[in-house]
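Engineer: Quick one: this structure, given as structure tokens, is what I'll be asking you about.
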Amino acid sequence: MLIRFTTFCFFIVVTVSITTARAEWNHPQTKKLPHQHLGPFIKLQDGSLLAPDAKQSLISTDQGKTWSSTPLYQEPAKFQTSNERALIQTKKGTIILAFMNLAERKFNWNDKLGGPQSDCYLPVYIVRSTDNGKSWLTPQILQDHGWCGAVRSIIQTSSGRIIVVVSQAIANPGRHVMLTYYSDDEGATWNHSNMIDLGGSGDHDGAMEGTIVELKNGRIYALIRTKFGRFWEAFSTDEGASWRTIQP
């Protein structure tokens, strides 16, 4: 009987511990959002809030209390916005959403055969709106080859250039590299930089998940995730067209 009782008590303790660990806690000075929209969120020039969803753009005119939706894609069966995405409204009012298209996703990685295989594919697109998110133009493919693991950062520089950070999986050995795409015409056309290749081997190795900011002196600073035990950084003196200073 003692053994059974001890086992029962242990079961209660474990159950309580698991339940407690799963309990939700919110800081007393915070208020839970009335929705589960993932974001990112931007404040538009007309004062409304905008966030992307898998196939919709979401707009709130009451500071996030309620949201209305507008289709992002004219052909929704062909597109699904990735959870990792980057969003900006330019000084001239163009909204640009950069994303990986999950509708075309195919992951095929084999370290013994060099990493990403020829059909390992996740392309990057941008889609734009010129009327504060009321309607959206046809998506434009930005990176149409290979696998992109992350799109997290997009900025507009003081000169008006748009820069978005992407990654790309390359083979032999398989790893990720980082590069930037940039546009001087509100996202209508794009060029890309050189690759930042830090080496490594594996489907979560290399230069990953970069974020960028413009410094006061006009240089662009990139912070890069690695598996080397520390972040790396890179600097561009030509607004993301090339990266020359790359260091831990």
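Okay, so the sequence shown: first residue is 312 according to the working numbering, each after it adds one. Yeah, the Cβ is synthetic: ideal placement off N, Cα and C, and Gly gets one too. Bear in mind the structure is a predicted one, so any value in this text is a computation, not a measurement.
Can you grab the Cα-Cα spacing for the pair Ala482 / Leu349, in whole Å?
Structural biologist: Position 171 of the sequence shown, counting from 1, holds the residue named residue 482. Position 38 of the sequence shown, counting from 1, holds the residue named residue 349. When rounded, the distance between both Cα atoms is 32 Å.
Engineer: Which stretch, first to last residue, makes up the beta strand (DSSP E) that contains His487?
Structural biologist: Mapped onto the sequence shown, residue 487 falls at position 176. Here the beta strand (DSSP E) through His487 covers Arg486 to Ser494.
Engineer: By the three-class DSSP mapping on this structure, what secondary structure does Pro387 have?
Structural biologist: Numbered from 1 along the sequence shown, position 76 holds the residue referred to as residue 387. It is helical.
Engineer: Hey, how far is the Cα of Tyr493 from the Cα of Ser368?
Structural biologist: As a working mapping, residue 493 is identified with position 182 in the sequence shown. As a working mapping, residue 368 is identified with position 57 in the sequence shown. Roughly 23 Å separates the two Cα atoms.
Engineer: Within the same chain, show all residues whose beta-carbon is closer than 6 Å to that of Asn419, passing over the 5 residues directly before and after it, in chain order.
Structural biologist: Counting from one through the sequence shown, the residue named residue 419 turns up at place 108. Hits under 6 Å: Gln428, Asp430 and Cys431.
Engineer: Output the residue ranges of the beta strand (DSSP E) runs that lie fully inside the segment 331-364 and measure 3 residues or longer, sorted by chain position.
Structural biologist: Runs found: 360-363.
Engineer: Give me the Cα-Cα distance between Pro382 and Gln558, rounded to the nearest whole angstrom.
Structural biologist: For the purposes of this step, residue 382 is taken as the residue at position 71 of the sequence shown. For the purposes of this step, residue 558 is taken as the residue at position 247 of the sequence shown. The alpha-carbon atoms of Pro382 and Gln558 are separated by roughly 42 Å.
Engineer: Does DSSP put Leu424 in a helix, a strand or coil?
Structural biologist: The sequence position of residue 424 within the sequence shown is 113, counting from 1. Here Leu424 sits in helix by DSSP.
Engineer: When DSSP builds the beta bridges, which residues end up paired with Thr556?
Structural biologist: Residue 556 sits at position 245 when you count from the first residue of the sequence shown. Thr556 pairs with Phe546.
Engineer: Taking 8 Å as the cut-off, decide whether the C-beta atoms of Trp554 and Ser478 are in contact.
Structural biologist: For this step, residue 554 is matched to residue 243 along the sequence shown. For this step, residue 478 is matched to residue 167 along the sequence shown. No, these two residues do not count as a Cβ contact at 8 Å.
Engineer: DSSP three-state label for Glu525, please.
Structural biologist: One-based indexing of the sequence shown puts residue 525 at position 214. If DSSP states are grouped into helix, strand and coil, Glu525 belongs with the strands.
Engineer: By the 10 Å Cβ neighbour count, where 16 or more other Cβ atoms means buried, how is Gly517 classified, buried or exposed?
Structural biologist: For the purposes of this step, residue 517 is identified with residue 206 of the sequence shown, where counting begins at 1. Gly517 is buried by the Cβ-count criterion.
Engineer: In the DSSP assignment, what are the bridge partners of Leu369?
Structural biologist: Your numbering for residue 369 matches position 58 in the sequence shown. Beta-bridge pairing links Leu369 to Ala362 and Ser380.
Engineer: To which residues does DSSP link His503 through a beta bridge?
Structural biologist: In the sequence shown, counting from the first residue as 1, residue 503 sits at position 192. Partner(s): Tyr492.
Engineer: Considering Cα atoms alone, identify which of Glu550, Asn421 and Ser469 is closest to Leu490.
Structural biologist: Position 179 of the sequence shown holds residue 490. Ranking the options by Cα distance to Leu490, first place goes to Glu550.
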